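Numbering (my numbering), first residue to last: 1204 to 1281.
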């Protein structure tokens, strides 16, 4: 058949009124703006150690769900 090697980078035309590099930079900027609030609003980690106790504390169901990354019905079925 046809054994022609392509040494050029494949170029897919985009139909935007911007240069591809400028368009990708705008996409990156939008993604950063949307991700920043999510990074700021991360939940505080649960304190699993209780100072002064010599025995392990009993965990609440929400803490067990977070620890094992499961739902309440899954935890109850165990």
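By construction, the Cβ of each residue, glycine as well, lies at the ideal position given by its N, Cα and C atoms.
In this text the structure is predicted, and so the values were computed from the model without any measurement.
Boundaries of the alpha helix (DSSP H) harbouring residue 1240: 1223-1243, taken from the DSSP string. In the structure shown, residue 1247 adopts coil according to DSSP, grouped into three states. Assignment of residue 1264 by DSSP, reduced to helix, strand and coil, places it in the helix class. Apart from sequence neighbours up to five positions away, the residues of its chain that approach residue 1278 with a beta-carbon distance below 8 Å are 1264, 1267, 1268, 1271, ordered along the chain. Within the same chain, no residue comes within 6 Å of residue 1238 by CB-CB distance, once the 5 residues on both sides are set aside.
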